[in-house]
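Have a look at the structure below before the remarks.
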Amino acid sequence: MLLHTEDMNQIEKATLQNCRNCLLEDLDPTMSFLSLLYCSKIITEDQKDRVENQRTRQDKVITLLDILPRRGPRAFRKFIDVLETDYNWIKERLEDELQAQEYQKRILDAIDDRMKQNGEFLRDKDYIDKIVRETILPFLLQELRTSPSSSPSNKIDQPLKDVITNHLIPLLGGSSAKNKLEANQEVLMEKAIEIIDQLREKCCDTLGLSSESCQEETLPALIERRMIEVKTEITLLRKENKKSKKAEEKLTMENQKLKSDNTTLKADVKKLKSDSQGSRNELKKLKDEVQKYKTESIKLKQEKNTLKEALNDAGVDLLISSDFCGS
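Take the sequence shown: its position 302, counted from the start at 1, is 302 in full-length UniProt numbering, and no numbers get skipped.
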């Protein structure tokens, strides 16, 4: 029986996990296939029976994939050998994925060594490592898995060069930015780290933060801190705006009151003008009547004098009431 005091190594486990969909779609763990695994001492008889007892083909594959990682350090290679007879395309897929995982480990080991050698010159090593793992490697491994090149060096260097040229450099300098790069892994990795560092500086400048602040925190933390500051500023502006609106509402109410008072005053003025015009008309009427009476009085005096003269001439002594004569 195959010794399995140790599990598969992490690279082989990751390879099986990344090829899980391929195995679920194409692999059919028939009785004869499981017998081959048993005869090759990859699985035990109990494990073979356990897989066989699953109801569906996919359940059998899932159970087998749960067993394989615990079957020792030689299980992966022996499993690939068994696949060669009837599932050569799955074998090739696993071998390509294994190679991709091995190159990924080499890249990460190279980054760690480079950071240890130049630690005093690199700012925020954890952040750079995170960017490389989450940004560069996914592109790199995708290119590696689909690249038709047979040269391992070209498989790793050219995709890395493409990632830097087509993604990192435009991210820093725009779509028109160009740069001639050597297709050498060490040079490319140094260039990638340099671009990431420059990108960080530009982000700090955009956020309005000093270089010292940028060294103390990761970029996501800096962005979050800046967002909090912006939110605080917005909150203060909203409070000021609220106060301004209240003051505006108060002034609007006062203005409405003044307008109402002004309307009332205008109505009063209009009424006073109307009353004044009526008084002037009445006064004019009284003046006209006084003038009329004066005219009539003068006329009566003249008639009295004329009558008196006529009586004197006739020798008639007429006593006229002084009240009537006005004297």
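By construction, the Cβ of each residue, glycine as well, lies at the ideal position given by its N, Cα and C atoms.
So, do the region 29-40 and the region 5-15 have three or more beta carbon pairs nearer to each other than 8 Å?
-> no
Output yes or no for whether 9 Å exceeds the beta carbon distance between Q101 and A14.
-> yes
Can at least three beta-carbon pairs, one atom from the region 24-31 and one from the region 77-91, be found at a separation below 8 Å?
-> yes
Got a sec? Which residues, its chain only, sit under 8 Å from C19 by beta carbon, not counting five neighbours each side?
-> I90, R93, L94 and E97
Inspect the beta-carbon positions of L68 and L16 and report whether they are closer than 9 Å.
-> yes
Near K48, which residues of its chain fall below 6 Å by C-beta distance, leaving aside the five closest residues on each side in sequence?
-> L34 and Y38
For I90, decide whether its Cβ has a neighbour in chain C, counting only Cβ atoms nearer than 9 Å.
-> Chain labels in this structure do not include chain C; a single protein chain is all it has.
How is K270 classed by DSSP in three states: helix, strand or coil?
-> helix
Cβ-based neighbour list, D275, same chain, cut-off 6 Å, excluding 5 preceding and 5 following = none
Buried versus exposed call for I298 [16 or more other C-beta atoms within 10 Å across all chains shown] | exposed
Confirm, please, whether the CB-CB distance from R226 to L207 is below 9 Å.
-> yes
Hey, out of Q302, D59, V269 and R74, whose CA is closest to L24's CA?
-> D59
DSSP state of R74, grouped into three classes?
-> coil
When you compare only the Cα positions, how much space is there between A314 and K301?
-> 20 Å
Beta-carbon gap between residue 344 and T44 smaller than 9 Å | Within the shown structure, residues of the chain are numbered from 1 to 327, placing residue 344 beyond reach of any answer.
Nearest-angstrom Cα separation, counted from R280 out to L251 | 42 Å
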